[in-house]
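Using my numbering, read the sequence shown as starting at 1 and increasing by one per residue. From the three backbone atoms N, C-alpha and C, an ideal C-beta is built for every residue, glycine too. Following: one structure in structure tokens, then a few remarks.
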Amino acid sequence: MHRLKVMEQLGMDDDHNYGGWLIEDLKEHYKDLMKQRDHSEMYSDRAELNNIMLNVLREIQSRERN
């Protein structure tokens with residue numbers, strides 16, 4: 001989990017603000033996260049990716065509703 005390791009090194013958590021992202025970028029990011037999750041061997045990495053994906057999906061859905 002390269003992204004997770006980078007997040008740990010930077011002290012980041014999954015409460016990232018996606019407000020400045022384009023919806024196309026969010027959808028692409030979501031697809032990338034799904035690929036990472038599918039290839040992740042550790043349960044803890046998959047669980048963390050699921051949480052990040054949930055946040056991204058919430059942002060996408062909130063924009064599509066408006």
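Going by beta carbons, ARG37 and ARG46 fall inside the 8 Å limit. Per the coordinates, the alpha-carbon of ASN51 lies some 18 Å from the alpha-carbon of TRP21. Put simply, of ARG65, VAL56, ILE60 and ASN66 the residue whose alpha carbon is nearest the alpha carbon of HIS16 is VAL56. Linking GLU64 to LEU49 through their CA atoms gives a straight-line distance of about 22 Å.
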